[in-house]
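Numbering (the numbering used here), first residue to last: 69 to 495. Where is the CB? At the ideal position from N, CA and C, for every residue including glycine. The structure presented is a predicted model; accordingly, all values stated were derived computationally and were not measured. Here the structure comes first, spelled out in structure tokens, and everything after it is commentary.
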Ligand SMILES: [Zn+2]
């Protein structure tokens with residue numbers, strides 16, 4: 069007698085950085101993005117996913133795999149350095165900074181295997197076949213730094229995948245490269261969990277605006293990659309496909325420079341070597357928000373100067389809201405920040421240190437990083453598989469519900485991740 073053992077459910081998790089659900093919803097999509105639309109028809113999808121604060125890539129991706137808010141998982145911003153004077157600031161690339169178990173650890177503990185392509189905060193993670201997102205912050209173009217990710221990948225794996233990608237160099241966009249790498253890992257290693265981070269839409273939306281022709285063309289490109297991966301896994305009924313994002317996007321016309329105002333208020337001093345330094349303060353600009361830190365105990369005079377700087381910034385119209393320590397606690401956000409400035413519609417914060425407090429944007433046309441309740445900052449979630457109902461609308465959900473949902477889809481104990489969160493009812 070032949071015994072039929074059901075294959076354990078696999079999961080392919082594709083993150084399209086910055087993808088806003090309204091971009092692929094009809095009628096806006098105008099017949100574009102056929103694969104995102106097909107997923108919406110044949111699977112379950114959220115009308116909106118409320119992200120975390122700040123609505124930026126690294127803290128949000130840490131939430132996707134842990135189910136926890138930044139204050140609990142430990143990734144408060146994209147940067148690992150609070151000093152805006154530092155020339156090449158390192159990002160939070162390393163999984164060891166996570167203070168809670170990630171999905172890949174639950175996968176490994178259950179004797180199954182995972183693979184990752186450019187997943188944020190995954191360098192050094194217990195992922196069996198891992199090509200993490202990491203670069204030398206001193207290089208001008210991170211997409212051309214192959215040595216740093218090679219050094220932090222699973223031994224031998226980067227060279228193996230690089231051979232496949234070599235003919236595409238200089239011709240393909242970053243997501244075509246990542247899609248190709250993902251297909252290679254799927255076909256050669258057939259992991260139980262495959263995580264892929266797509267970035268081209270985010271890149272183009274920052275440069276040209278969230279609904280610009282350039283950004284939508286990048287969405288066309290990633291939609292094709294989603295289609296290729298969907299085709300590759302379609303023969304395997306035990307595999308669930310999830311496509312999601314970390315945050316949404318809003319357009320900007322003006323750039324505000326809190327550091328220029330800090331300088332005006334005398335919050336900078338010259339170090340012994342003559343270089344400028346913020347007196348006792350640290351700062352992280354995250355587009356739609358700007359975090360300020362006291363790195364040393366401030367004097368009453370320092371406090372007064374910071375208050376005066378914030379007052380001055382408020383008069384420019386660039387700040388929608390000053391988020392103080394109490395509110396940061398309620399939001400389960402950065403415990404180290406003294407305050408975070410939340411940008412008014414149309415503005416983003418830079419780390420420029422001189423010139424006028426506000427000017428027309430020279431570079432960016434789109435941003436994110438604001439409070440997750442702000443319109444436009446909603447993230448996306450779509451799932452398709454044998455345990456997922458077709459055409460189901462999940463309504464507005466929380467990014468913190470994703471991790472236990474993914475664990476449940478893989479038949480892993482869901483309560484290891486985010487025991488306080490309710491997994492989404494996809495069936
Ligand atoms: Zn992002």
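Chain-ordered list of residues that sit, by beta carbon, closer than 6 Å to a heavy atom of ligand 1: The filter returns 85, 86, 125, 270, 314, 315, in chain order.
Residue span of the alpha helix (DSSP H) that contains residue 369, given as start and end: Element bounds for residue 369: 368 to 383.
Enclosing beta strand (DSSP E) for residue 256 [first to last residue]: Per DSSP, residue 256 belongs to no beta strand (DSSP E); it is in the alpha helix (DSSP H), 242 to 257.
Per DSSP, cross-strand counterpart(s) of residue 408: According to DSSP, which records beta bridges pairwise, residue 408 is partnered with 359, 391.
Cβ pair residue 253, residue 199 closer than 9 Å: Yes; because the gap between Cβ atoms is below 9 Å, this pair is in contact.
Simplified DSSP assignment, three categories, for residue 460: Three-state DSSP puts residue 460 in a strand.
Pair within 9 Å by beta-carbon distance, residue 189 and residue 165: Result yes, Cβ atoms of residue 189 and residue 165 sit closer than 9 Å.
Beta-carbon gap between residue 84 and residue 294 smaller than 9 Å: A distance below 9 Å separates the beta carbons of residue 84 and residue 294.
DSSP beta-bridge partners of residue 159: Bridge partners of residue 159: 147.
Residue closest to residue 206, alpha-carbon to alpha-carbon, out of 318, 163, 156: The shortest C-alpha separation from residue 206 is found at 156.
Reduced DSSP category for residue 128 - H, G, I as helix; E, B as strand; rest coil: Here residue 128 sits in helix by DSSP.
Coil, strand or helix - residue 416 by DSSP: Looking at residue 416 - three-state DSSP - the assignment turns out to be strand.
6 Å Cβ shell around residue 277 - same chain, five flanking residues per side excluded: Result list for residue 277: 319, 433, 434, in chain order.
Straight-line Cα distance separating residue 340 from residue 380: If you take the alpha carbons of residue 380 and residue 340, they lie about 29 Å apart.
Whole beta strand (DSSP E) elements within the stretch 78 to 114, 3-residue minimum: Unbroken beta strand (DSSP E) runs of no fewer than 3 residues, entirely contained in the stretch 78 to 114, are found at 78 to 84, following chain order.
Closest residue to residue 262 among 484, 478, 495 (Cα-Cα distance): Of 484, 478, 495, the residue nearest in Cα terms is 478.
Coarse secondary structure for residue 317, derived from DSSP in three states: Residue 317 sits in coil when the DSSP states are folded into three classes, being neither helix nor strand.
Whether residue 128 touches residue 463 by CB criterion (9 Å): Cβ atoms of residue 128 and residue 463: not closer than 9 Å.
DSSP three-state assignment for residue 448, whether helix, strand or coil: In the structure shown, the three-state DSSP call for residue 448 is coil.
Backbone CA spacing between residue 346 and residue 281 [nearest angstrom]: Distance between the alpha carbons of residue 346 and residue 281 is about 40 Å.
Boundaries of the alpha helix (DSSP H) in which residue 300 is found, first to last residue: In the DSSP assignment, residue 300 falls within the alpha helix (DSSP H) that extends over 281 to 301.
Segment contact, 8 Å Cβ cut-off, at least three pairs: the stretch 299 to 308 with the stretch 384 to 404: No contact exists between the stretch 299 to 308 and the stretch 384 to 404.
Given residue 140 as reference, the closest of 338, 331, 468 once Cα atoms are compared: For residue 140, the nearest C-alpha among the options comes from 468.
Simplified DSSP state of residue 219, which is helix, strand or coil: Looking at residue 219 - three-state DSSP - the assignment turns out to be helix.
DSSP three-state assignment for residue 142, whether helix, strand or coil: If DSSP states are grouped into helix, strand and coil, residue 142 belongs with coil.
Extent of the continuous alpha helix (DSSP H) to which residue 228 belongs: That run of the alpha helix (DSSP H) goes 225 to 233.
Which residues DSSP lists as bridging residue 324, in chain order: Within the DSSP bridge table, the entry for residue 324 names 417, 426 as partners.
Test item: CB-CB of residue 201 and residue 265 under 9 Å: Contact: yes.
Backbone CA spacing between residue 484 and residue 311 [nearest angstrom]: C-alpha separation (whole angstroms): 22 Å.
8 Å contact criterion, which residue 449 and residue 426 should meet: CB distance rounded: The pair is not a contact, with the Cβ atoms about 35 Å apart (cut-off 8 Å).
Delimiting residues of the alpha helix (DSSP H) encompassing residue 173: 171 to 177 is the span of the alpha helix (DSSP H), which, as asked, contains residue 173.
Beta-carbon proximity check, residue 415 vs residue 386, cutoff 9 Å: Between residue 415 and residue 386, the C-beta gap is smaller than 9 Å, which places the two residues in contact.
Delimiting residues of the alpha helix (DSSP H) encompassing residue 338: Per DSSP, residue 338 lies in no alpha helix (DSSP H) segment; the continuous beta strand (DSSP E) that holds it begins and ends at 336 to 338.
Cutoff 6 Å; reference residue 203; Cβ partners in own chain excluding five residues on either side: The residues are 210, 213, 216.
Local Cβ density within 10 Å of residue 446, reported as buried at 16 or more and exposed below that: Residue 446 should be labelled buried.
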